[in-house]
Amino acid sequence: MRYIVDRQENGQFLLLGENGDRLLLSPDQINGRAHEGAVVDRSEDGVFTVNLEAEHTLRQEAKDTLQRLFQRSKDS
0 MRYIVDRQEN GQFLLLGENG DRLLLSPDQI NGRAHEGAVV DRSEDGVFTV
50 NLEAEHTLRQ EAKDTLQRLF QRSKDS
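In this text, residue positions in the sequence shown follow numbering that gives the first Met the number 0: the first is 0, and each later residue adds one.
#1: Find the nearest neighbour of G31 within the set L65, L22, F12 and G16, judged by alpha-carbon distance.
#2: Could you give the C-beta distance for L134 and Y2, rounded to a whole number, given that I count them as a contact under 8 Å?
#3: Are the beta-carbon atoms belonging to F47 and Q66 less than 9 Å from one another?
#4: Which class does E17 belong to by DSSP, given the choice of helix, strand or coil?
#5: Going by beta-carbon coordinates alone, are A37 and E54 separated by less than 9 Å?
Put into structure tokens, the structure is as follows:
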């Protein structure tokens with residue numbers, strides 16, 4: 000299962016799941032450095048780990064999408 004860190008509240012991270020669920024986890028429950036926008040994967044045994052590669056890919060896809068939208072608006 001994949002989650003995105005939405006924000007930090009009272010020292011805990013609010014994670015939004017790909018299926019719409021929400022979790023509130025403390026930093027010590029997540030392996031790696033969690034931050035807003037971080038991609039966090041949950042393994043089958045329930046371990047939460049920051050996935051830097053997936054975060055980079057997600058950011059690049061968002062950047063590419065914005066560039067395409069900007070180009071379309073420029074062309075019209």
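Glycine residues also receive a C-beta, built at the ideal position from the N, C-alpha and C atoms.
In short, the structure shows the following:
#1: F12
#2: Outside the shown range of the chain (0 to 75) lies residue 134, about which nothing can therefore be said.
#3: no
#4: coil
#5: yes
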